[in-house]
Every structure is written in structure tokens, then in C-alpha cells.
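Here the working numbering runs 69 ahead of the position in the sequence shown, where the first position is 1.
No residue lacks a Cβ here, since even glycine has one placed at the ideal position from N, Cα and C.
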Amino acid sequence: METINIAILGLGTVGQGVAIMLLKYEEFLERQLGCKIVLKRILEKDWQKELDFDKGDIPLSDNWQDVLTDPDIQIVIETMGGIEPAKTFIREALQSGKNVVTANKDLLALHGQELFGIAEEAGTDLYFEASVGGAIPILCALRQNLISDPIREVMGIVNGTTNYILSRMTDQGDDFSSVLADAQKLGFAEANPASDVEGLDAGRKAAILSTLAFQSQVTLDDVYIEGITGITREDILFADQMDLCIKLVALCRETDGKIEVRVHPALLPKAHPLSSVKEAYNAVFVKADRLGEVMLYGRGAGRFPTASAILGDVAEIVRNIRFGSCGSLTRVYQREKAILPIEDVETRFFLRLLLTDRPGVLATVARILGRYQVSLDTVNQIDLIGGNAELIFVTHLVREGDLRKALEEIRGLEITKEVITVLRVEGVA
Ligand code: NDP
Ligand code: HSE
């Protein structure tokens with residue numbers, strides 16, 4: 070029986086998950102793929118590291134050349150993370166005729182175009198399902214199953230760590246930092262968890278999703294990003310009273326040939342399908358003209374969900390090797406459509422303003438909003454002790470640039486104590 074040899078680069082949370090699954094399901098995979106998949110080498114910086122599995126006599130080295138120059142290795146699985154040396158290793162592997170599977174969204178969201186170009190030139194494969202949505206096969210769906218109908222919108226919860234934090238803050242009243250520490254222990258968080266909570270990780274995934282959904286290269290720099298560090302328990306409680314919940318969403322939309330791509334906390338109606346996505350689960354909601362709405366849901370982070378996506382890619386490459394084909398993405402990674410500046414994006418907003426409580430303040434604020442075309446859907450007033458009042462507004466759809474100008478003027482008023490919260494509202498029909 071044919072044998073395909075594999076190397077893993079980086080034995081952390083995900084790399085060890087891949088090794089454990091490869092060793093445990095060796096026969097199961099062999100039966101399905103009709104060939105043997107053998108873990109032949111492992112590259113790990115700390116080669117004396119204590120492992121969660123018995124690696125037997127598989128050589129473990131800290132020297133990339135050991136993998137690169139091994140002619141038997143046909144598939145390299147990169148689970149080290151970061152830009153360098155991952156980029157160099159992937160480039161060299163592809164150029165030397167090895168196929169690569171990576172979970173590295175940091176790298177693809179910046180250098181996807183270059184790496185897919187190298188893969189195409191070399192006639193090798195670069196697969197990356199695990200880079201977005203963990204175990205959810207969303208990239209495969211965008212690359213294959215959903216290609217017959219132009220996609221209009223992809224909205225997703227694509228960061229497990231922040232969804233875990235917001236779920237625990239909402240459902241159990243836990244505080245931000247203790248929940249983040251739990252997410253780190255559970256292996257969901259990035260090596261630098263600021264990437265998660267400041268929205269960068271979801272931003273990288275939004276860049277990848279937009280590229281595939283709209284067939285035009287989108288990089289991290291194109292994505293408007295806000296994280297969840299400013300979200301308070303009070304915001305969550307006010308949202309709850311209005312039958313809304315707060316989620317970190319990645320929103321990718323194509324309108325009139327322009328791509329809108331942003332990641333930020335958003336208020337969603339509790340009845341929206343994404344509102345029921347809790348803990349470290351992810352979900353991606355896709356809208357297209359004829360196929361309508363599709364939602365994919367599953368574990369978005371963690372050792373085995375991520376490892377399973379990687380092994381799905383390995384299976385695809387094994388088939389490609391056996392049938393002499395390749396899954397090129399070079400064409401998709403060309404910049405063909407413009408990015409819509411955030412100022413021109415239209416959204417509804419939820420605003421909390423702390424104002425001096427005296428007659429006429431609501432009229433003053435409403436007048437300024439009106440002057441900038443910000444039309445209001447609802448207004449609530451909460452009287453506070455100490456002569457201040459909190460006003461909570463929900464707007465109709467407004468151009469973001471107009472709202473920003475109105476808020477700038479409101480901030481400068483003598484009656485304004487604080488603009489407490491500005492959050493976008495999504496998913497309202
Ligand atoms: P970890 O930090 O747990 O693992 C990375 C491993 O790679 C560590 O063992 C590290 O060694 C090793 N490593 C780093 N640099 C080198 C190098 N130059 N040579 C050899 N080994 C090296 O990260 P994760 O497993 O969590 O993530 C890996 C990748 O998967 C990242 O790209 C991440 O974004 C992505 N990902 C992670 C998910 C998750 O749920 N954790 C989900 C989806 C994607 P050392 O510890 O000694 O530095
Ligand atoms: N840190 C990421 C998350 C890992 O929390 O979603 C999965 O990409």
C-alpha cells in the first residue's frame with residue numbers, strides 16, 4: 070500500500086492534537102484514504118519538551134533542514150504560529166515540492182497572495198481550513214460547495230476566546246480577566262491573548278473569509294477592527310433589557326462591487342441564530358442570492374477541533390497527490406474589488422450618553438444627531454442620582470462617518486459628562 074509521509078512543525082496545543090489523532094486514527098484514515106499516512110518527523114523548538122502523547126521513535130528535532138531535506142516527506146503541517154520563521158519554512162517547503170497544511174491565520178491574512186503564488190508556481194498545495202472556525206468546514210464550503218451563487222454577506226462568530234469570555238460575562242456575571250485566564254488554560258487563546266480580545270485574530274479570519282467569499286484578496290490591513298476590552302457588565306445588562314446580546318462579530322459584505330469588512334462587538338437580537346452560539350463555539354452565517362441563508366456551527370478553537378480541520382486538509386492533499394492534481398487559489402488571491410472605508414459603512418448604533426439632567430438636553434442632543442442625518446429608532450432615559458441622566462439611543466441605519474461627526478460635536482457640549490458606549494447593532498431585519 071502507498072505511504073504518504075508527514076512532518077509536523079511545532080508541538081503546541083494544535084500540533085500535539087494532530088500527532089495524537091494521526092497516531093490514534095492511523096488505521097481509520099488508512100481505510101478511508103486507501104494509503105498509509107505516517108508521521109515521519111517532528112520539528113519543535115523545545116525538543117526536550119514534555120509531551121501529552123507517546124511519540125515512540127519518531128525523530129524530534131529543532132533543525133528545519135532535517136524536515137526540508139527529507140525527500141520522503143510530502144506533507145508539512147505548520148502549527149508553530151507567527152510570521153517568521155513560519156513563512157520561510159512554508160515557502161521553502163512549497164518550493165521543494167512539499168505540500169503544506171497550516172492553521173496560521175496571522176500569516177495568511179498578510180501574505181496569502183505571495184504564498185499561494187509560490188504554491189502555484191511549484192505545483193504544490195497549500196491548505197488552511199483550520200485557520201478559520203476550527204472544526205467548522207467553512208473555507209471548504211466557500212471554496213467549493215457555495216461557489217455557484219454570488220455571496221452577499223458572511224457574518225460570523227469566529228473567535229472562540231472572546232465568545233467564551235462574553236458568554237461567561239453574560240450568563241454567569243464573571244469578570245473579564247478571570248474568564249480570559251480560563252480560556253488560556255483551555256488552549257483557546259492565542260500565544261498573545263491580546264490578539265483575541267483586541268479583535269485581531271477575528272480580523273485575520275475576516276480577511277480570509279472575505280477573500281474566499283468575494284474572490285478578491287483582502288488583507289488584515291483592510292479590516293476595520295475593534296475588540297471587546299471596553300465591554301462592561303452594564304452594557305451587557307442594558308442590552309439584555311432590550312432583548313439583545315453582545316457578540317464579537319466578523320462582518321464581510323459585498324455591495325455594488327465594494328467589500329465591507331469589519332470586526333467589532335455588536336448587539337444582536339436574541340432571536341438571531343448567532344445569539345445562541347455560546348462558549349468557545351463559532352458559527353458562520355452566509356447569505357447568497359439564490360441559495361439563501363446557510364449557517365455552519367461548531368467548535369472554533371482548541372486542540373482536537375483544530376487538529377480535525379488540519380487532518381481534513383491532509384486527506385484532501387492525499388487525494389490530490391494520488392490523482393495528480395492541485396487545489397490552486399492564486400486567482401482568488403488577486404485584488405479585484407475596492408474596500409469600502411468604515412466611514413461609508415451604514416449601520417444601526419446603540420449609544421449610551423451621560424448628560425447633565427436639565428430641561429432641553431434631550432432636544433439639544435437630538436438636534437445635533439438630526440443635523441448629521443442620524444435618525445433615532447428608540448430613546449430611553451435613566452435618571453441617576455447626582456444631577457445626571459443616562460440617555461440610551463438606538464438609531465436607524467446611519468452612515469458611520471455622519472455618526473462620528475455628530476458624536477464629536479456632542480462630546481464637546483458642556484452638558485455632556487461622558488459618551489459611555491457606542492456599539493453597532495446587527496442582524497435586525
Ligand atoms: P502553541 O503556542 O501552543 O504551539 C506552538 C508550538 O510551536 C510551540 O510548541 C512552540 O514551541 C513551537 N514553535 C514555535 N516556533 C518554533 C520554531 N521556530 N521551530 C519549532 N517549533 C516552534 O500554539 P497553538 O498550538 O495554539 O497554535 C498553533 C497555530 O495554530 C497558530 O498559528 C494558531 O493561530 C493556530 N490555531 C490555534 C488554535 C487553537 O485553538 N489553539 C485554533 C486554530 C488555529 P515553544 O512552546 O517552545 O515556543
Ligand atoms: N485564539 C483563537 C480563538 C483560536 O480563540 O478562536 C482559534 O483560531
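Check                                                                                                                                                     : Outcome
What does DSSP give as the partner residue(s) for M224 in the beta ladder?                                                                                : L320 and F354
What residue does the beta strand (DSSP E) around H333 start on, and which one ends it?                                                                   : K327 to P338
Cβ of A276 within 9 Å of Cβ of L177?                                                                                                                      : yes
Should E226 and T148 be called a contact, given that it needs their Cβ atoms to be closer than 9 Å?                                                       : Sequence check: residue 226 is Ile here, not Glu. Taking 9 Å as the Cβ cut-off, I226 and T148 do not qualify as a contacting pair.
Does the beta-carbon of T298, which I'm using as the reference point, lie nearer than 8 Å to any heavy atom of ligand 2?                                  : no
Out of curiosity, what's the CA-to-CA distance linking I386 and G272?                                                                                     : 27 Å
Looking only at its own chain, which residues have a Cβ that is under 6 Å from the Cβ of G356, when we skip the five neighbours before and after it?      : First, the amino acid is wrong: residue 356 is Lys here, not Gly. Only R221, E222 and E362 meet the Cβ criterion.
Going by beta-carbon coordinates alone, are N261 and A370 separated by less than 9 Å?                                                                     : no
Closer than 6 Å is what we want: which residues have a beta carbon that near any heavy atom of ligand 2? List them in chain order.                        : G203, N228, G229, T230, F257, A258, E259, D265, D270, G369 and A370
Just the Cα atoms here: how many angstroms apart are A138 and K254?                                                                                       : Strictly speaking, residue 138 in this sequence is Thr, with Ala absent from that position. When rounded, the distance between both Cα atoms is 36 Å.
Taking 9 Å as the threshold (C-beta atoms), are R322 and I315 in contact?                                                                                 : no
Going by the C-beta, is A319 closer than 8 Å to any heavy atom of ligand 1?                                                                               : no
If distances are taken between C-alpha atoms only, which option among A435, G151 and F418 comes closest to G470?                                          : F418
Per DSSP, M364 is paired with what?                                                                                                                       : F354
Determine, using beta-carbon pairs with one atom in the segment 178-190 and one in the segment 334-350, whether at least three such pairs fall under 8 Å. : no
Could you have a look at R400 and say whether DSSP puts it in helix, strand or coil?                                                                      : coil
Does the Cβ of L79 lie closer than 8 Å to at least one heavy atom of ligand 1?                                                                            : A small fix is needed here, since residue 79 is Gly in this sequence, not Leu. The answer is yes for G79.
At which residue ranges does the segment 103-146 contain complete beta strand (DSSP E) runs of 3 or more residues, listed in the order of the chain?      : 105-112
Hey, D141 and L360: beta-carbon distance below 9 Å or not?                                                                                                : no
How big is the Cα-Cα spacing for V401 and L235?                                                                                                           : 34 Å
Just tell me which of L289, A435 and L278 has its CA closest to the CA of S264.                                                                           : L289
For H333 and G496, which I take to be in contact (beta-carbon distance under 8 Å), what is that distance rounded to the nearest angstrom?                 : The Cβ separation is near 13 Å, so there is no contact.
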